[in-house]
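J.: Starting off with a structure, shown below.
There are 2 protein chains.
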Amino acid sequence: MSRQQIVAGAADMMRRRGLNATSIREVAKHAGTPLGSTYHYFPGGKDQLAAEAVRLSEEIVATLLAEKLRQGPAEGVAAFFALWREVLAGTEFKAGCPVLAVAVEEADHPEALKASAEAFRAWSKQLAASLAEHGVGARRAAQLATLLIASAEGAVVMCRAQRSIQPLDDVAAELTALLEATIAART
Amino acid sequence: MSRQQIVAGAADMMRRRGLNATSIREVAKHAGTPLGSTYHYFPGGKDQLAAEAVRLSEEIVATLLAEKLRQGPAEGVAAFFALWREVLAGTEFKAGCPVLAVAVEEADHPEALKASAEAFRAWSKQLAASLAEHGVGARRAAQLATLLIASAEGAVVMCRAQRSIQPLDDVAAELTALLEATIAART
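Top line first, the protein sequences correspond to chains A and B.
Counting in the working numbering, the first sequence runs from 2 upward without gaps.
Counting in the working numbering, the second sequence runs from 2 upward without gaps.
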């Protein structure tokens with residue numbers, strides 16, 4: 002069991018149960034790794050492991066966005082929503098976003114919280130840069146990018162509560178239309 | 002210490018720490034109530050207490066929305082965002098939404114989860130009804146209402162992570178403009 006697989010296991014536990022219910026002991030057990038070697042890998046304990054789990058999630062989404070945004074902002078946004086649809090459908094609405102998980106529980110995990118803020122910022126920047134390349138002014142592009150991420154994150158939570166994909170579909174439909182209108186108006 | 006105050010204390014703990022870190026024992030201690038009488042009030046245990054905390058939060062928001070939406074959808078939406086701004090500013094970004102809190106942790110709390118789904122649904126219906134009254138078609142009104150709630154919920158989490166009100170302000174600016182344009186186009 003590689004270090005990377007332990008981090009992925011932690012991310013999966015966090016996006017399902019939240020940070021508080023995720024323990025190094027459980028992650029090690031889940032990964033079939035001796036507890037001692039897990040502590041050896043992560044001397045900073047749970048905060049370090051959670052931060053790495055957040056950074057792994059950031060990377061996965063950032064890689065997808067970088068690839069799809071090359072075809073244009075609409076394609077990037079469609080891929081972003083498709084990713085969340087897959088997460089929800091693939092887990093029967095039992096998993097959400099590990100980046101969100103660490104931000105909704107006040108506790109002593111400064112490194113993980115910092116990683117969470119950075120993940121949101123990184124995704125926003127990618128989306129905003131793509132919008133700016135397609136003629137949207139810098140300030141407006143930043144606002145729209147924040148709206149895209151906030152509404153996807155919020156919709157994923159609503160889907161989990163309602164055991165339905167409808168909220169995500171509603172939000173995707175609204176944002177796709179808004180994006181098209183905004184880009185059409187600028188070009 | 003009234004029953005209602007215990008429920009309010011639970012809601013506050015949930016919106017700060019999440020559901021997993023909220024225990025009946027801690028809520029009772031926080032409220033200065035003997036543990037026994039807390040269990041007496043809530044025979045269904047933590048799930049019942051959490052569900053009541055969610056319903057209390059639903060009511061507070063629903064009452065505000067009902068009052069402000071009488072002046073129009075823009076006023077209702079402005080009040081909705083102002084409420085979240087107050088929550089964040091008043092707690093130094095340490096509290097969010099207790100309705101969201103119960104939906105992001107997979108665990109055995111069916112009653113609370115059901116209450117969470119109902120709260121999101123109730124707020125959406127109120128906003129959608131107001132939009133429909135102002136000439137927006139029923140399907141579009143439902144979509145826009147979902148977007149409003151999802152983006153506010155998501156932005157609150159981003160604000161907590163980034164210790165900044167910027168994400169909420171960005172989202173509010175975008176949605177205010179979208180709402181104005183949509184209503185202007187229909188009337």
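No residue lacks a Cβ here, since even glycine has one placed at the ideal position from N, Cα and C.
Because the structure is a prediction, the values reported are computed rather than measured.
Around the C-beta of residue 64 (chain B), are 16 or more other C-beta atoms found within 10 angstroms, so that it is buried, or is it exposed?
T.: Looking at its Cβ environment, which holds fewer than 16 other Cβ atoms inside 10 Å, residue 64 (chain B) is exposed.
J.: The stretch 146-166 of chain B: which residues have C-beta closer than 8 angstroms to a C-beta of chain A, in chain order?
T.: Per Cβ criterion, the list reads 147, 148, 150, 151, 152, 153, 154, 155, 156, 158, 159, 161, 162, 163 and 164.
J.: Which bits of chain A does residue 91 (chain B) rub up against, with CB to CB less than 9 angstroms?
T.: Neighbours of residue 91 (chain B) on chain A: none; closest Cβ ~14 angstroms, over 9 angstroms.
J.: Beta-carbon of residue 95 (chain B) versus every beta-carbon of chain A: anything under 8 angstroms?
T.: At least one chain A Cβ lies under 8 angstroms of residue 95 (chain B).
J.: For chain E, is any of its Cβ atoms less than 8 angstroms away from the one on residue 101 (chain B)?
T.: Reference to chain E is not applicable here, since the protein chains of this structure are A and B.
J.: Tell me, to the nearest whole angstrom, how far the beta carbon of residue 238 (chain B) is from that of residue 118 (chain A); I am working on the premise that it is less than 8 angstroms.
T.: Look at the range of chain B in this structure, 2 to 188, and you will see that residue 238 (chain B) is not part of it.
J.: Cα-Cα, which of B:95, B:148 and B:48 is closest to residue 109 (chain B)?
T.: Ranking B:95, B:148 and B:48 by Cα distance to residue 109 (chain B) puts B:48 first.
J.: Tell me the residue span of the alpha helix (DSSP H) that contains residue 110 (chain B).
T.: Premise fails: residue 110 (chain B) is in no alpha helix (DSSP H) and is neither H nor E.
J.: Quick check: residue 98 (chain B) and residue 59 (chain B), are their CB atoms within less than 8 angstroms of each other?
T.: Contact flag unset, no.
J.: Residue 68 (chain A): buried (16+ other C-beta within 10 angstroms of its C-beta) or exposed?
T.: The residue is exposed, with fewer than 16 neighbouring Cβ atoms inside 10 Å.
J.: Would you call the CB atoms of residue 51 (chain A) and residue 11 (chain A) closer than 8 angstroms?
T.: Closer than 8 angstroms, so yes.
J.: Only counting the same chain, and skipping five residues up and downstream in sequence, which positions put a Cβ closer than 8 angstroms to that of residue 139 (chain B)?
T.: Excluding positions up to five away in sequence, the list reads 129 and 133.
J.: Are three or more beta carbon pairs between the stretch 86-96 of chain B and the stretch 21-37 of chain B nearer than 8 angstroms?
T.: Taking 8 angstroms as the limit for Cβ pairs, the verdict is that the stretch 21-37 of chain B does not touch the stretch 86-96 of chain B.
J.: Just checking my contact of residue 55 (chain A) with residue 9 (chain A) at CB under 8 angstroms: how many whole Å lie between their CB atoms?
T.: Their Cβ separation, rounded to whole angstroms, is 12 angstroms, which puts residue 55 (chain A) and residue 9 (chain A) out of contact at 8 angstroms.
J.: Taking the alpha carbon of residue 89 (chain A) as the reference point, which residue from B:88, B:100, B:105 and B:172 has its own alpha carbon closest?
T.: Cα-wise, what sits closest to residue 89 (chain A) is B:105.
J.: Using a Cβ-Cβ cut-off of 8 angstroms, state whether residue 132 (chain B) counts as contacting chain A.
T.: For residue 132 (chain B), the answer is no, since every Cβ of chain A falls outside 8 angstroms of its Cβ.
J.: For residue 70 (chain B), which of helix, strand or coil comes out of DSSP?
T.: DSSP places residue 70 (chain B) in helix when its eight states are reduced to three.
J.: Residue 107 (chain A) versus chain B: which residues are under 7 angstroms apart at the beta carbon?
T.: Simply 17, 18 and 95.
J.: State the Cα-Cα distance for the pair residue 181 (chain A) and residue 166 (chain B), rounded to the nearest angstrom.
T.: Whole-angstrom Cα-Cα distance: 27 angstroms.
J.: List in chain order: all unbroken alpha helix (DSSP H) runs of 4+ residues lying wholly within the stretch 124-170 of chain B.
T.: You should have 139-163.
J.: Quick check: the stretch 169-177 of chain B against the stretch 142-156 of chain B, are there 3 or more CB pairs under 8 angstroms?
T.: Cβ pair count under 8 angstroms is three or more, so yes.
J.: Can you pull the chain A neighbours of residue 121 (chain B), defined as C-beta to C-beta under 7 angstroms?
T.: Those are 159, 162 and 163, listed as they occur along chain A.
J.: For a contact defined as C-beta to C-beta under 7 angstroms, what are the partners of residue 172 (chain A) on chain B?
T.: Correct list: 147, 148 and 151.
J.: Anyone know if the C-beta pair for residue 61 (chain B) and residue 136 (chain B) falls short of 8 angstroms?
T.: It is not a contact, given that the beta carbons lie outside the stated cut-off.
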